[in-house]
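Remarks on the structure that follows.
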Amino acid sequence: PRVEVFIGDKDDETIFDKDNTKILINIDGIRGSTVKKKLRTEYNIRLEMADFYYALILTSLMNNDEDFEKVIAAIEDLAKNAPYEEINWVNVKMPVPKVIMRPSDAYYGKKEQIKLKDAIGRVSAAPIIPYPPGIPLIVPGEEITHEIYEHCLFLMDNGIEIVGLMGYNKDNVVVVE
27 PRVEVFIGDK DDETIFDKDN TKILINIDGI RGSTVKKKLR TEYNIRLEMA
77 DFYYALILTS LMNNDEDFEK VIAAIEDLAK NAPYEEINWV NVKMPVPKVI
127 MRPSDAYYGK KEQIKLKDAI GRVSAAPIIP YPPGIPLIVP GEEITHEIYE
177 HCLFLMDNGI EIVGLMGYNK DNVVVVE
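If you count the sequence shown from 1, position 173 lands on 199 in this note's numbering, and the numbers rise without skipping.
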């Protein structure tokens with residue numbers, strides 16, 4: 027089948043329990059970030075998050091059968107009609123930032139918003155956080171290097187949200203003046 031839903035593995039001792047309000051799906055041949063975008067734009071279904079391979083649906087006690095039927099129909103439609111894309115496993119290595127100043131000095135000091143491409147060599151005044159996984163790539167006081175810039179471009183090109191980038195095109199960052 028083209029659609030895979032993670033339902034847990036009772037034999038896996040590293041998993042304590044499954045949160046039944048979360049549904050993790052993979053559609054073979056469609057990036058998770060593409061699934062998230064298409065469900066939002068074509069079916070008016072908003073997902074919690076997505077990465078290169080998976081999309082996460084967050085449900086609640088307020089959802090009803092009609093909501094679930096809508097999601098199932100949309101996923102079936104995507105799996106049936108979306109073109110297949112070869113997705114290679116990506117080994118993402120996060121760059122190690124260089125600390126230039128104390129985080130509090132950077133965060134509370136004078137700052138300005140500039141284009142990310144112009145921020146290479148500058149000190150960040152705000153965190154930059156890819157989501158998922160939600161782990162800061164850089165925090166205030168660390169230098170925005172060329173490697174970090176390239177990593178941000180890679181993530182954005184692959185549909186990963188980056189909290190901390192601003193502006194209409196999400197290509198601005200806050201740096202120390």
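Ideal placement from N, C-alpha and C gives every residue a C-beta, glycine not left out.
Beta-carbon proximity list for A204, same chain, < 6 angstroms, skipping 5 on both sides: An answer regarding residue 204 cannot be provided, because it is not within the stretch 27 to 203 covered by the chain.
- request: Measure the beta-carbon distance from V97 to I71 and round it to whole angstroms, keeping in mind my assumption that it falls under 8 angstroms.
  value: 6 angstroms
field: Per DSSP, cross-strand counterpart(s) of S150
entry: V201
message: Going by C-alpha to C-alpha distance, which of T47, I41, K196 sits closest to M88?
response: T47
query: Does the region 181-200 come within contact of the region 132-144, defined as at least 3 CB pairs closer than 8 angstroms?
result: yes
task: Below 8 angstroms on the Cβ atoms is my guess for L65 versus E74; work out the distance and round it to an integer in Å.
output: Their Cβ separation, rounded to whole angstroms, is 11 angstroms, which puts L65 and E74 out of contact at 8 angstroms.
- prompt: Who are the near neighbours of L181 in its chain, counting only those whose CB is closer than 7 angstroms to its CB and skipping five residues on each side?
  reply: P156, I188
task: Check the C-beta distance from A105 over to I53 and give it rounded, since I have them as a contact under 8 angstroms.
output: 5 angstroms
field: 3-residue-minimum beta strand (DSSP E) runs that sit fully inside the region 110-186, ordered along the chain
entry: 137-141, 155-157
Nearest-angstrom Cβ-Cβ length linking P153 and G190, presumed shorter than 8 angstroms: 5 angstroms
task: Would you identify the three-state DSSP class for I101, choosing helix, strand or coil?
output: helix
message: Considering Cα atoms alone, identify which of P162, D93, Y110 is closest to R57.
response: Y110
query: From S86 to I49, what does the alpha carbon distance come to, in whole angstroms?
result: 11 angstroms
field: One or two residues paired with L73 in a DSSP bridge
entry: Beta-bridge pairing links L73 to no other residue.
- request: Identify whether K48 lies in helix, strand or coil by the three-state DSSP scheme.
  value: strand
message: Contact defined as beta carbons within less than 8 angstroms: I believe V149 pairs with M127. What is the distance between those atoms, to the nearest angstrom?
response: 6 angstroms
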